[in-house]
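To start, the structure under review is shown below, and the notes come after it.
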Amino acid sequence: MRCTASTKIKLLFLSLLLILIWKTSIFYCENQRPIHENVASIIIETSLSSTLLYSTTRSSLSSSSLSSPSTSNPAYVLPSKISKFKIIHAAVVLSLSKQTSHIAEFHLLYESWRFLQIFAPLSEQVIVDLLVFCEMPSCYQLPLTCIPISYDHKLNSIPRCFYEKLEPRIVWNWKDYLYMTSIAFMLTPQYQRATQNYQWILRVDQDAVLSPALLMGLARKHPVKLLNMQFGGIGHGTEFTNNR
Numbered sequence: 005m006r007c008t009a010s011t012k013i014k015l016l017f018l019s020l021l022l023i024l025i026w027k028t029s030i031f032y033c034e035n036q037r038p039i040h041e042n043v044a045s046i047i048i049e050t051s052l053s054s055t056l057l058y059s060t061t062r063s064s065l066s067s068s069s070l071s072s073p074s075t076s077n078p079a080y081v082l083p084s085k086i087s088k089f090k091i092i093h094a095a096v097v098l099s100l101s102k103q104t105s106h107i108a109e110f111h112l113l114y115e116s117w118r119f120l121q122i123f124a125p126l127s128e129q130v131i132v133d134l135l136v137f138c139e140m141p142s143c144y145q146l147p148l149t150c151i152p153i154s155y156d157h158k159l160n161s162i163p164r165c166f167y168e169k170l171e172p173r174i175v176w177n178w179k180d181y182l183y184m185t186s187i188a189f190m191l192t193p194q195y196q197r198a199t200q201n202y203q204w205i206l207r208v209d210q211d212a213v214l215s216p217a218l219l220m221g222l223a224r225k226h227p228v229k230l231l232n233m234q235f236g237g238i239g240h241g242t243e244f245t246n247n248r
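Position in the sequence shown counted from 1, then plus 4, gives you this note's numbering.
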């Protein structure tokens, strides 16, 4: 039986994903020790401050009506560890057309986003949400874990996938040059409200693949430092565009 072009493309993407996972795993294992040492230094520092706080308040705790495993254990003030640990919230945003091939590509992007979440402790320090602005009816073909976006939602410690229906006028306005829909959604009030609380925003196409190096970069643990605004790390277009 001959493979269709669509099947060949899917197999190619699967092969690339497996290579990415293998390369990333090797890179992460080689760099795991210094990352853990950095995190450990934060925990040691905050543990010392917690113990000091406990020692100055122990007498008042022992005289209170609280019963007390907590009054005899410095772990009573453990939440201070969390307060010392800076959480970074980032949003990966994209528009998704109704084309079947684009939806298939997005599912690979979605799986790479899920793959980020196994890289603790970095994935606990850098929370990456996925925000999809989808052209109908592609919204109904997203993974079940993607939920309609709530404009008043609070940033969570668990990465989540949200979607918002792409305004039909955007598709209509750029029907002769549909590539513009991949950025035109960023000018809408819906986009502004959805992203206003994030510290970092990464705009991607549906055929992108996310790497755990993203977590390292946002946590300032990657050797290549991020700028406040950045347009990729390789050559795109003309030298004028790169310099700009």
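Glycine included, C-beta positions come from ideal geometry on N, C-alpha and C.
Taking C-beta to C-beta, are residue i and residue j nearer than 8 Å?
| i | j | result |
| --- | --- | --- |
| Leu-112 | Val-213 | yes |
| Ser-215 | Leu-24 | yes |
| Ile-162 | Gln-129 | no |
| Leu-126 | Ala-223 | yes |
| Gln-203 | Ala-94 | yes |
Which term fits residue i, buried or exposed, when burial requires 16 or more other beta carbons within 10 angstroms of its beta carbon?
| i | result |
| --- | --- |
| Ile-187 | exposed |
| Trp-117 | buried |
| Cys-165 | buried |
| Cys-150 | buried |
| Ala-9 | exposed |
| Ile-131 | buried |
| Leu-219 | buried |
Please return the same chain residues whose Cβ sits closer than 6 Å to the Cβ of residue i, not counting the five positions on each side in sequence.
| i | result |
| --- | --- |
| Tyr-195 | Phe-189 |
Between residue i and the rest of its own chain, which residues show a CB-CB distance below 7 Å, the 5 nearest in sequence each way excluded?
| i | result |
| --- | --- |
| Gln-210 | Leu-98, Leu-100, His-106, Glu-109, Phe-110 and Leu-113 |
| Glu-250 | Residue coverage of the chain in this structure runs from 5 to 248, which leaves residue 250 outside it and unanswerable. |
| Cys-143 | Tyr-167 and Lys-169 |
| Leu-231 | none |
Could you check if residue i belongs to the surroundings of the ligand COA, using beta carbon to heavy atom distance under 7 Å?
| i | result |
| --- | --- |
| Ser-186 | Among the components of this structure there are no ligands whatsoever, and the ligand COA is therefore not found. |
Tell me, please, whether the CB atom of residue i is closer than 8 Å to any CB atom in chain B?
| i | result |
| --- | --- |
| Ile-92 | No chain B is present in this structure, which holds just one protein chain. |
Let me make sure I understand the geometry here. Which of the options has the alpha-carbon closest to that of residue i?
| i | options | result |
| --- | --- | --- |
| Thr-199 | Leu-159, Leu-15, Leu-120 and Leu-21 | Leu-159 |
| Val-136 | Gly-221, Thr-185, Asp-180 and Lys-179 | Thr-185 |
| Met-233 | Lys-12, Leu-146, Leu-206 and Pro-141 | Leu-206 |
Please list, in chain order, all residues of the same chain as residue i whose beta carbon is under 8 Å from its beta carbon, the five residues on each side excluded.
| i | result |
| --- | --- |
| Leu-15 | Cys-7 |
What residue ranges within the stretch 115-201 form continuous alpha helix (DSSP H) runs of no fewer than 4 residues, ordered along the chain? 126-129, 172-177, 185-188 and 193-199
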